[in-house]
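Numbering (the numbering used here), first residue to last: 325 to 1056.
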């Protein structure tokens, strides 16, 4: 409810914008009386493009109707009677409007709440500019809004001057007509007596001379007005172009960069509502100035006066058309990217949006968007405007979609919900490049006109690079290509050029981002973890972070060359850790129970100073996606203490029996490093006694004998005293 209280304090244009959010599609009275309920609902948890979320949306719609009806029933007294009728009517109206498509209600409410939040934030920043976030975002927003206000004043001023010019020109034409009438009268004097002719001719000649002198002066004045008006238009268009550069080349490009990093697990790129509002304001002002320039042209054609104005107007027309064209083509964007690892014969989705579509009324004749997959070389040729002869590098099914206009949010977008890559045509690979290093892109293109076919636009936009795979086993290598591209590509690059080597700290940032996202944890990779990874990547023994700060790692070191003595790459090992953690061990990582990134020697050094039965969990060096238990205990053969290592557990093992259960089974494991009793850490994750593990059952609820016997054998092995020296000798 706090947001609604703040929204009611808005003033001026912000208040008008807030009020314009409401109407028959969602009455403002509903917002007012259900403010607390509306702000408490999980609107953001619903994906508008996922039809499976329609059930959640239906529950919210039903809840809204019930709340309205309950609020109506509690109204008492004379005023309450009228409100009761009104709220009951709104309940019926909203049910009728949104019952066929409850996701539209979610879209509507999300748009309202987001816009209110933005308006409140902008008002707060304007009144307290020093209280904004440290990154200066509000200051940038404030500057953009100030420029819009400056443009509004300039445009209004130009329109006022144009009106004055029009009045002056109309008066000039009237006086010019008068001079023609006098000339006609002079010509007709030949038919009257000489005495009368001389008298009348003298007066007419005097009036004619005065009028012609005035017309000459006024023609010069009109020419001057036209010149000044054209120069004002030049200044306005220059500021419009500058504002467009800030919004399209800075803010929108930053949004696209955030979208790309989100593909690596970075923070969400954020909504497009603010950007759309700015782009629509731009479109509005550009179109308004275009109409003003055309009115000046019309006046010039109506009354031609020799001078430089005609050439100036031609330049202005070209400039304003260029600005509107740049805006339209730049704001045709991909709101939801197709998956960057794209498997053939698998459904995928994407959403494209035209940020100025609603403002330019493009939806009055809804355009169709076509999706095509093209190669890196074809993308390069496309950006160079070379003739690609409509080539594609594969066949996408369900690749045409009509753009839809959503009245409640004012967005024009095309939702491709069931695309599928039927086949792919690969190019000749270079050197050691594998199929999982080959990049493609999905090209979205459309054509539409604005202003009654006055301007026709052919718009195109390219998706982020995609790597096409035909089998799940290619996924981890394809993900490596995508991760490197998303992390290290530069704005405005030639498709899809990335550096062959980067500084180690840059890769650390990308790995940490990916790890936290996949494991869904706030606990990222520590400095010690990153040192361990550096040692693995560079085959180094240094424990000093600074030694790696200026080192570079190549793509080959990352995911082309195998690690020394292994048959897998650095990335394949790291990706194996991620898969293991996100499938089975997230909770233990978040609890801090898994140290993970340690080698055998480090584990031994840490455990030897601890009491017998102390253990820790570290990732296996020898097996992808493996984790091993290392513990300290007596060596009965030598009457001395030593560190033992179990064979690594993998995803397959944890699908049979969980880590917590396995640790519980091992009675000689007592304390989790450094000194926590294992029950305190793991007991809450253990399977309750006599509780059947579903993974031991087949689809009909019967025991899977092979897996059950496998588990029994492992438990039997683990429960033995650690007397077999090969345990510590096994690679792990």
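The C-beta atom is built at its ideal place from N, Cα and C for all residues, glycine as well. Being a predicted model, the structure only gives us computed values, none of them experimental.
Original post:
Which full runs of the beta strand (DSSP E) of 3+ residues lie inside the region 696 to 751, going along the chain?
Top reply: 718 to 721, 724 to 726, 728 to 730 and 735 to 748
Subject >> Secondary structure of residue 289, DSSP reduced to three states >> reply: Within the shown structure, residues of the chain are numbered from 325 to 1056, placing residue 289 beyond reach of any answer.
Original post:
Looking only at its own chain, which residues have a Cβ that is under 6 angstroms from the Cβ of residue 924, when we skip the five neighbours before and after it?
Top reply: none
**OP:** Please state whether DSSP places residue 796 in a helix, a strand or coil.
**Re:** helix
Original post:
From 652, 880 and 679, pick the residue whose C-alpha is nearest to that of residue 1058; which is it?
Top reply: Here the chain comprises residues numbered 325 to 1056, so residue 1058 is not present and cannot be evaluated.
Subject >> Where the alpha helix (DSSP H) containing residue 847 begins and where it ends >> reply: Neither: residue 847 is in no alpha helix (DSSP H) and is coded neither H nor E.
Original post:
Taking the alpha helix (DSSP H) that residue 340 falls in, what are its first and last residues?
Top reply: 336 to 343
**OP:** Determine the closest residue to residue 567 out of 607, 588 and 556, with distance taken between C-alpha atoms.
**Re:** 607
Original post:
For residue 964, which beta-bridge partners are listed by DSSP?
Top reply: Bridge partners of residue 964: 959.
Original post:
Closest to residue 490 by CA distance: which of 678, 980, 616 and 869 is it?
Top reply: 616
Original post:
Which of helix, strand or coil does DSSP assign to residue 815?
Top reply: DSSP places residue 815 outside both helix and strand once states are collapsed to three, so it counts as coil.
**OP:** Could you say which of 704, 434 and 463 lies nearest to residue 445 if we only look at CA atoms?
**Re:** Of 704, 434 and 463, the residue nearest in Cα terms is 463.
**OP:** Return the CA-CA distance between residue 1007 and residue 908, expressed in angstroms with no decimal places.
**Re:** Taken atom to atom, the span from the alpha-carbon of residue 1007 to that of residue 908 is near 16 angstroms.
**OP:** Identify the continuous beta strand (DSSP E) that holds residue 1002 and give its terminal residues.
**Re:** Per DSSP, residue 1002 lies in no beta strand (DSSP E); the unbroken alpha helix (DSSP H) holding it starts and ends at 1002 to 1006.
Subject >> Spatial distance of residue 899 from residue 800 (CA atoms) >> reply: 7 angstroms
**OP:** Over the uninterrupted beta strand (DSSP E) stretch that includes residue 769, give me the two end residues.
**Re:** 764 to 774
Original post:
Cα separation between residue 353 and residue 688?
Top reply: If I take the Cα positions, the gap works out to 31 angstroms.
Original post:
Mind checking whether residue 739 and residue 675 have CB atoms under 9 angstroms apart?
Top reply: yes
Original post:
Smallest Cα separation from residue 682: which of 702, 639, 729 and 662?
Top reply: 729
Original post:
Applying the criterion that 16 or more other CB atoms from any shown protein chain within 10 Å of the CB defines a buried residue, is residue 494 buried or exposed?
Top reply: exposed
Original post:
Is residue 978 buried or exposed, if buried means 16 or more other CB atoms sit within 10 Å of its CB?
Top reply: buried
**OP:** Would you kindly report the start and end of the unbroken alpha helix (DSSP H) that includes residue 904?
**Re:** 894 to 904
Original post:
Tell me which same chain residues have a C-beta within less than 7 angstroms of the C-beta of residue 524, skipping the five on either side of it?
Top reply: 513
Original post:
Buried or exposed: where does residue 603 fall if 16 or more other Cβ atoms within 10 Å of its Cβ makes it buried?
Top reply: buried
Subject >> Other residues of its chain near residue 410: CB distance less than 7 angstroms, five sequence neighbours each side excluded >> reply: 353
Subject >> Own chain partners of residue 1026 with C-beta closer than 7 angstroms, once the 5 adjacent residues on each side are dropped >> reply: With a pLDDT of 43 at residue 1026, under the threshold of 50, the modelled position of that residue is not reliable, and no figure is offered here.
**OP:** Output yes or no for whether 9 angstroms exceeds the beta carbon distance between residue 482 and residue 556.
**Re:** At the C-beta level, residue 482 and residue 556 come within 9 angstroms of one another.
Original post:
Can you check whether the CB of residue 863 is closer than 9 angstroms to the CB of residue 888?
Top reply: yes
Original post:
Thinking C-beta only, is residue 609 closer than 9 angstroms to residue 475?
Top reply: yes
Original post:
How big is the Cα-Cα spacing for residue 487 and residue 732?
Top reply: If you draw a straight line from the Cα of residue 487 to the Cα of residue 732, it comes to about 36 angstroms.
Original post:
Mapping DSSP to helix, strand and coil, what is residue 457?
Top reply: Low per-residue confidence applies at residue 457: pLDDT is 38, beneath 50, and the placement is therefore not dependable, though the value from the model is reported in the following sentence. In the structure shown, residue 457 sits in coil (DSSP, three-state: anything other than H, G, I, E or B).
Original post:
Are the region 987 to 1001 and the region 928 to 948 touching by the rule of at least three beta carbon pairs closer than 8 angstroms?
Top reply: When C-beta atoms of the region 987 to 1001 are compared with those of the region 928 to 948, three or more pairs fall below 8 angstroms, so the two segments count as touching.
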